[in-house]
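Residue numbers (our numbering): 875 to 1151.
Every residue, glycine too, gets a C-beta built ideally from N, C-alpha and C.
Just so you know, these numbers come straight off a predicted model, no measurement behind them.
Structure, as structure tokens:
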Amino acid sequence: MCAARAPLRRRASTPLPCAHQNRSLATNPIMEVCASSQLVAETDGSRPSDSQDVEGTCDGFFRVVLLGDPGVGKSSLVGIFRREQDRETAEQQQELYQCTLTVDGEDTSLLLMDICEIQKRTDGCDSALRMGHAYIIVYSITDRSSFESASELRIQLRRTRQYENIPIILVGNKTDLVRSREVSVEEGRACAVVFDCKFIETSAVLQHNVQELFEGMVRQIRLRRDGADPGESCRIRSHRKESLSKRARRFLDRLVTRNSKTVLRVHSRSCHDLSVL
Ligand SMILES: Nc1nc2c(ncn2[C@@H]2O[C@H](COP(=O)(O)OP(=O)(O)OP(=O)(O)O)[C@@H](O)[C@H]2O)c(=O)[nH]1
């Protein structure tokens, strides 16, 4: 069904497809990509056109930005697309990777961007939140504070891209560390429902559900690209806009004050099914 093809693999040291020549680690990779991006939202918050939700790609690449606390496994998830020899000669900061996935018989090229840590030092993730066609927000199931950070990131993203229906997948990584689990599957799912995004748990170390994650992301991108009824999509968006902030804030408050034995009762809807909107 889905196969990662090696030839389009990207290393941070190789040129980006759209005129990002002369890149060095001393420069800011996000700003370089942003500079040529047709997708970057105006800094005054003006509304980008609907067609920019998942179109306007850079040379046919969909920019998928990975966000999340340090150490949750972003590089490890992206690293699964690296070939073995690349890992051996890995530079310290390889944050951009191209890969082409064949999903349901169609190729889709992704530019995976694990760059938030670098960006945090300069503008607190702001440009990373503006430039992605799609987002993967990662937390570690063994680290509750990373789960809370993921929720905060979702709110920030919502604020920054409020008029856009961008694909977002919340990822609970490190499921192999069963005994150290601090965040239950139900909490992850509940968070995704409240925050109106998709959800999956992975183990980068065991490569469990990693392919499903990236396949799912490709499907989410295509579902928006092929969007059925733009009118309906607009209505859904405006409804979401009205209610999400309040729901999200309430959920975060409950997270912070929750008793560890309390079960968050939120119906799962279809947040675990990455092949539907
Ligand atoms: N057991 C286990 N360890 C993992 C998993 N994913 C990542 N790790 C480990 O967690 C540590 C941090 O992983 P990274 O991939 O560097 O995390 P990161 O989110 O990219 O961290 P920053 O680069 O600091 O933002 C490494 O020691 C990884 O080997 C996983 O699924 N299971």
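### Task
Sort out for me which residues DSSP pairs A1008 with in a bridge.
V938
### CB contact flag (V977, E1086, <8 Å)
no
### Message
With distance defined between alpha-carbon atoms, name the residue in L1051, L1151, V1092 nearest to V938.
### Response
V1092
### Query
Contact check, L940 vs L986 under 8 Å by CB: the rounded distance?
Indeed they touch by this definition, with Cβ atoms about 7 Å apart.
### Message
Below 7 Å, is the gap between the Cβ of D988 and the nearest heavy atom of ligand 1?
### Response
yes
### Message
Tell me whether A1024, by its Cβ, gets closer than 7 Å to a heavy atom of ligand 1.
### Response
no
### Message
Determine whether the beta carbon atoms of T1034 and S1077 lie at a separation below 8 Å.
### Response
no
### Query
Looking at the structure shown, is V1084 part of a helix, part of a strand, or coil, going by DSSP?
helix
### Query
CA-CA distance, V1150 and F1073?
12 Å
### Task
Could you check what DSSP says for G872 in three-state terms: helix, strand or coil?
Missing from the structure shown is residue 872; the chain here goes from 875 to 1151 and no further.
### Query
Given a threshold of 16 other Cβ atoms within 10 Å of its Cβ, counted over all protein chains shown, does V1052 qualify as buried or as exposed?
exposed
### Task
Classify L985 as helix, strand or coil using the three-state DSSP reduction.
strand
### Query
Where does F1073 sit, in a helix, a strand or coil, going by DSSP?
Reduced to three states, the DSSP call for F1073 is strand.
### Query
Is any heavy atom in ligand 1 found nearer than 7 Å to the beta carbon of V1092?
no
### Message
Any beta carbon of chain B sitting closer than 8 Å to that of E1061?
### Response
Here chain B cannot be found, since the structure has a single protein chain.
### Query
Terminal residues of the continuous alpha helix (DSSP H) containing C973?
Boundaries for C973: no alpha helix (DSSP H) harbours it, while the beta strand (DSSP E) harbouring it runs 970 to 977, taken from the DSSP string.
### Query
At a cut of 8 Å, does the region 943 to 957 reach the region 1010 to 1023 through at least three beta carbon pairs?
yes
### Message
For Q1094, count the other beta carbons within 10 Å of its own beta carbon; 16 or more makes it buried, fewer makes it exposed. Which is it?
### Response
buried
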